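Here the sequence shown stands for residues 5 to 205, where the numbers follow this note's numbering. Built from N, CA and C at the ideal position, the CB exists for glycine as well. Just so you know, these numbers come straight off a predicted model, no measurement behind them.
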Amino acid sequence: INEILDVSKIDSGKFTLREAIVDMRTAMNRSINIIRSRAEKGQVEIVENLGDLPLAIRADERAFRQIMINLMSNAVKFTPEGGTVTIRGRVTGRGGLELIIQDTGIGIAPEDIKTALEPFGQIDSLLARRHEGTGLGLPLAKSLTELHGGTMKIESSVGFGTTVTVAFPANRVIESLDAMADDADPSAAGIARAPKEAITL
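Okay, here's the thing in structure tokens:
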């Protein structure tokens, strides 16, 4: 229900980002821990390669974690027993942030990727039919990413898994404590900051 409401708000232009400085390691670890039990139940291995994460990111923390949880959950859901979901993060040469979720799952035919990114879009495959959901996970993740000025790219082929890359622009990335101190001005980088208590975890 929450996903449906969020998509509706985004579509109508009524979704407001509540900005804060989000600690990257904490946000990523919390997101991974939420899907870890599902992965263990399905005997899917979670591999973390997050050594190159920046210190923090300017974002709506709830929305950021929703993006990560949706993408990780989707990867685990469509990866058969014995498969692997790898989560990587890095700062790009231009100072932006890339978060990559790669799985060894069933994959998506290139011609079906557009459908998967449409609200309520469902891919017709045996494993997909076993795990029917709202069809909002990928579209919501993409929309929330774009609200932050970012992009989301899907690369996939049937039987060879899927790689989703979420990219945030450099003006949202905080790589050092000095940069975090400089960001104390709420108008920095043209981004409105919300009180910490406004973030819903």
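Pair within 8 Å by beta-carbon distance, residue i and residue j
i	j	result
Arg62	Ile104	no
Ala67	Leu148	yes
Arg98	Ala174	yes
Gln106	Gly165	yes
Leu59	Glu179	yes
Ile71	Ile38	no
Leu101	Ala171	yes
Asp64	Arg29	no
Distance between beta carbons of residue j and residue i, contact taken as under 8 Å
i	j	result
Thr90	Val51	4 Å
Ile36	Met76	7 Å
Asp56	Gly93	6 Å
Val168	Val95	The pair is not a contact, with the Cβ atoms about 18 Å apart (cut-off 8 Å).
Ala31	Arg69	6 Å
Paired residues, beta bridge with residue i - DSSP
i	result
Lys157	Thr169
Ile104	Arg92, Thr169
Ile178	Ala60
Residue i Cβ short of 7 Å to the ligand MN heavy atom set
i	result
Leu142	The ligand MN is not part of this structure, which contains no ligands at all.
- Which parts of the region 15-102 are runs of the alpha helix (DSSP H), unbroken and 4 residues or longer, counting only runs that do not cross its ends? 28-45, 65-81
- Task: Give a yes or no on contact between the region 153-170 and the region 29-47, applying the rule of three or more CB pairs nearer than 8 Å.
- Result: Contact between the region 153-170 and the region 29-47 is absent: fewer than three C-beta pairs spanning the two stretches fall below 8 Å.
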